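Everything in the sequence shown is counted per the UniProt record's numbering, starting at 1 for the first residue and increasing by one.
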Amino acid sequence: MSETRCMAGRLQELALLYLIAASREGLPVGDGRLEAVIDQLQARCPTIPPDQLRALVLEAFDVLLAAEDPEALLQATLEAVEPHLSQAQRQVVLHDLLRIVEADGIVMESERQLLEMVARRWGLEPPYERVRVLDPGQEGIPEVLIHLALLYLVLAHGVDHELTRQERQIIVRKLRAWCPDLTDQQLAAVLQEAIDRYAEGLTDAELRASAEAIKMALTPAQRLTAFHDLVQIANADGTFLDTEEDLLNELVDLWELGPHVDAPELSPA
1 MSETRCMAGR
11 LQELALLYLI
21 AASREGLPVG
31 DGRLEAVIDQ
41 LQARCPTIPP
51 DQLRALVLEA
61 FDVLLAAEDP
71 EALLQATLEA
81 VEPHLSQAQR
91 QVVLHDLLRI
101 VEADGIVMES
111 ERQLLEMVAR
121 RWGLEPPYER
131 VRVLDPGQEG
141 IPEVLIHLAL
151 LYLVLAHGVD
161 HELTRQERQI
171 IVRKLRAWCP
181 DLTDQQLAAV
191 LQEAIDRYAE
201 GLTDAELRAS
211 AEAIKMALTP
221 AQRLTAFHDL
231 VQIANADGTF
241 LDTEEDLLNE
251 LVDLWELGPH
261 VDAPELSPA
């Protein structure tokens, strides 16, 4: 069976596998990931009517919600689907899983581990390459810029679990405003470093440590500018959530904010 032919016979198991990947962090499946699941399934079987496909996905979703042991469900789903897939089809499915976990903008560490586990099980290479693009402190980049990027990500992704293109563009624009002399490559490296740290799992203590590092590195005026950046990022998706307001209120206290003038640029450490 060619990888381009309809996989209708295994579509139920594929839907379940894709939904397991979409919900890997134990969080609700966001709209972006759900649409990615549907899009990838439609690509695997383009002849199935969209309404029928959505109904099939909802049935698989009910199975996922009813599962008492997600790991056992994952293993059972893999065992059910893999004997019916050629090696080429397994490669396609692995890349589908990557597209699904990338749909909200960030691949978390547990999701990377899932992809690596499936790749090893199927004798394939992981569908991405782990590369550290930034060695902090060696490129004239202030460490505080990475802490700022990390807080920006928490507001952009950590609350609604989606990092939209608009939010990513705002973050890059804000980082550039802090250090306008950095190249596009350096700014991309700063954001990727922050994403890597965030994806590894950010504890409350680590989040507070970043906030305190920012407080120590910035003047009161700069802290106010950073706070205004965070407010704009929180509003980028058109909604201002209670959890976002709670985090911002904590920063008001921690950063001892008050009325200040506009902030100057950052200087390299």
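Even for Gly, the Cβ is constructed at its ideal location relative to N, Cα and C. Remember, it's a predicted structure, so these values are computed and weren't measured experimentally.
Query: Can you check whether the CB of residue 101 is closer than 9 Å to the CB of residue 33?; Result: yes
Query: Rounded to whole angstroms, what's the CA-CA distance from residue 176 to residue 71? Just pull it up for me.; Result: 42 Å
Query: Could you tell me the distance, in whole angstroms, from the CA atom of residue 99 to the CA atom of residue 36?; Result: 7 Å
Query: Rounded to whole angstroms, what is the Cα-Cα separation between residue 57 and residue 81?; Result: 16 Å
Query: Output needed for residue 136: all residues of its chain with C-beta closer than 8 Å, excluding positions within five of it in sequence on either side, in chain order.; Result: For residue 136, the predicted structure reports a pLDDT of 46, less than 50, and the residue's modelled location is therefore unreliable. The matter cannot be settled from this model.
Query: Among 50, 48, 64 and 54, which residue has its Cα nearest to the Cα of residue 17?; Result: 64
Query: Apply the 10 Å Cβ neighbour rule to residue 244 and answer buried if 16 or more other Cβ atoms are within range, or exposed otherwise.; Result: buried
Query: Does the contact criterion of 3 or more C-beta pairs under 8 Å hold for the region 242 to 256 versus the region 221 to 234?; Result: yes
Query: Quick check on DSSP: helix, strand or coil for residue 29?; Result: coil
Query: Out of 163, 73, 89 and 117, which has the shortest C-alpha to C-alpha gap to residue 103?; Result: 163
Query: Any chance the region 197 to 210 sits against the region 104 to 124, with 3 or more Cβ pairs inside 8 Å?; Result: yes
Query: On the criterion of 16 or more Cβ atoms from any shown chain inside 10 Å, does residue 210 qualify as buried, or is it exposed?; Result: buried
Query: When you compare each of 206, 59 and 21 to residue 110 by their alpha carbons, which one comes out closest?; Result: 21
Query: Nearest to residue 54 by alpha carbon, out of 79, 218, 113 and 39?; Result: 39
Query: What first and last residue would you give for the alpha helix (DSSP H) that runs through residue 190?; Result: 184 to 199
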